[in-house]
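Heads up: the structure comes next, in structure tokens.
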Amino acid sequence: MQYRDSANLDSSQVTSSSGGAGGKLAVGGVGGIIIVLLAMFLGFDPNALLGGSGAGPQQSTDTYAQCRTGADIKTNRECRFVAYTNSIQAYWGRAMSGYQPTTTHIFTGQVSTGCGTATSAVGPFYCPVDRVVYLDTGFFDQLTGQLGAEGGDAAEAYVIAHEYGHHISNLTGVLDKVQQAGNQTGPNSPQVKLELQADCYAGVWLANASKDASSPIAAVTKDDVLRAADAARAVGDDRIQEASTGRVDRESWTHGSAAQRQNWLATGFNSGDPNKCDTFAS
Ligand SMILES: [Zn+2]
Numbered sequence: 083m084q085y086r087d088s089a090n091l092d093s094s095q096v097t098s099s100s101g102g103a104g105g106k107l108a109v110g111g112v113g114g115i116i117i118v119l120l121a122m123f124l125g126f127d128p129n130a131l132l133g134g135s136g137a138g139p140q141q142s143t144d145t146y147a148q149c150r151t152g153a154d155i156k157t158n159r160e161c162r163f164v165a166y167t168n169s170i171q172a173y174w175g176r177a178m179s180g181y182q183p184t185t186t187h188i189f190t191g192q193v194s195t196g197c198g199t200a201t202s203a204v205g206p207f208y209c210p211v212d213r214v215v216y217l218d219t220g221f222f223d224q225l226t227g228q229l230g231a232e233g234g235d236a237a238e239a240y241v242i243a244h245e246y247g248h249h250i251s252n253l254t255g256v257l258d259k260v261q262q263a264g265n266q267t268g269p270n271s272p273q274v275k276l277e278l279q280a281d282c283y284a285g286v287w288l289a290n291a292s293k294d295a296s297s298p299i300a301a302v303t304k305d306d307v308l309r310a311a312d313a314a315r316a317v318g319d320d321r322i323q324e325a326s327t328g329r330v331d332r333e334s335w336t337h338g339s340a341a342q343r344q345n346w347l348a349t350g351f352n353s354g355d356p357n358k359c360d361t362f363a364s
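Below is the structure:
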């Protein structure tokens with residue numbers, strides 16, 4: 083991923099906190115559907131996201147406050163998360179009328195959210211209640227380790243753009259409809275279609291990421307596209323199931339197979355058009 087040194091970064095879109103092990107976990111509150119729906123990856127313990135009454139992230143620190151321009155990514159790699167977030171939201175601000183900007187909250191350990199208290203074990207997720215994208219960047223080590231992805235900046239950006247895809251589905255009302263449809267699983271379930279829509283939206287952003295002259299993303303290379311697609315493959319339900327249990331159980335899929343996820347990412351990228359992301363029509 084190539085960054086534009088002169089681009090301004092808006093660090094207010096990324097907040098952070100570190101929650102030690104001392105926090106008390108409260109059980110109850112959030113329904114299982116939200117938990118299953120929001121955990122991005124199978125294989126992580128859904129109990130890691132426990133109900134609580136948190137109104138949003140706490141304990142803000144200013145790790146990202148020094149990120150002012152694209153050039154800062156060279157000296158402080160953490161600033162790349164501000165660049166992804168800014169670029170994703172700038173795109174959706176242009177593409178979607180009524181887009182409501184939100185924030186990426188980067189945490190370590192555990193975090194109190196509008197959807198309850200979460201630990202890093204849940205993986206990156208979007209909470210539709212407070213509309214925040216939550217991420218422990220330690221997840222990216224899991225992506226390249228345990229999950230066997232190539233990794234790289236574009237793989238990371240894909241993961242974050244996927245979570246913002248859930249924000250888009252929330253704003254359009256699709257996410258709400260899927261939650262009302264209940265906790266079904268399987269390759270054609272509403273839940274999987276919602277996840278595939280987020281992958282498609284991530285692809286749409288990737289196609290448009292460098293198109294605005296003020297974008298901190300200067301260019302998306304062929305290698306970037308391959309890395310994003312590789313990450314989508316790595317987190318396919320079939321692949322994760324096969325690696326963890328040695329067998330594939332289609333009916334328990336919550337996010338879609340490697341092929342489904344790659345196909346929808348490609349549909350988004352090749353069209354660059356969010357209107358092509360109606361995974362529910364197919
Ligand atoms: Zn998701």
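Numbers in the working numbering are just positions in the sequence shown, counted from 1, shifted up by 82.
In this text, a Cβ means the ideal position worked out from N, Cα and C, and glycines have one as well.
Whole-angstrom C-beta distance between residue j and residue i, which should lie under 8 Å
i    : j    : result
R343 : A314 : 4 Å
T236 : I170 : In the sequence under discussion, the amino acid at residue 236 is Ala, which differs from the Thr named in the question. With 8 Å as the limit, A236 and I170 do not qualify as a contact, their Cβ atoms being about 13 Å apart.
S93  : A172 : No, S93 and A172 are not in contact; Cβ-Cβ is about 14 Å, not under 8 Å.
V96  : T167 : 6 Å
A165 : L225 : Contact doesn't hold; Cβ gap of about 19 Å is too wide.
W174 : G268 : So it is not a contact: roughly 29 Å between Cβ atoms.
H337 : E277 : 4 Å
D212 : G196 : 3 Å
Per-residue burial, residue i [other beta carbons within 10 Å of its own, 16 or more giving buried]
i    : result
A363 : exposed
G205 : buried
E42  : An answer regarding residue 42 cannot be provided, because it is not within the stretch 83 to 364 covered by the chain.
A345 : Note that residue 345 is Asn in the sequence shown here, rather than Ala. Looking at its Cβ environment, which holds 16 or more other Cβ atoms inside 10 Å, N345 is buried.
A301 : exposed
N270 : exposed
N90  : exposed
K156 : exposed
C359 : buried
S98  : buried
K275 : buried
G113 : In this prediction, G113 scores a pLDDT of 38, lower than 50, which makes its location untrustworthy; the coordinate-derived value is nonetheless stated afterwards. It counts as exposed.
G152 : buried
S179 : exposed
Q261 : buried
Q182 : exposed
S202 : buried
R176 : exposed
D258 : exposed
G328 : exposed
Q) What runs of the beta strand (DSSP E), each 3 residues or longer, lie entirely inside the region 181-255? A) DSSP runs (the beta strand (DSSP E)) wholly in the region 181-255: 186-195, 198-201, 207-209, 214-217.
Q) Given 8 Å as the limit, is there contact between the region 297-307 and the region 181-198, that is, 3 or more CB pairs closer than that? A) Short answer: they don't touch.
Q: Would you be able to state if there are at least three C-beta pairs under 8 Å between the region 346-353 and the region 275-294?
A: Counting Cβ pairs under 8 Å, three or more are found: they touch.
Q: Counting only runs of 4+ residues fully inside the region 248-335, write out the alpha helix (DSSP H) ranges in chain order.
A: Listed in chain order, the alpha helix (DSSP H) elements of length 4 or more contained wholly in the region 248-335 are 256-262, 272-290, 304-316, 319-327.
Q.
Using 8 Å as the cut-off, can you tell me whether the region 287-298 makes contact with the region 83-91, which would need three or more C-beta pairs spanning the two stretches below that distance?
A. Taking 8 Å as the limit for Cβ pairs, the verdict is that the region 83-91 does touch the region 287-298.
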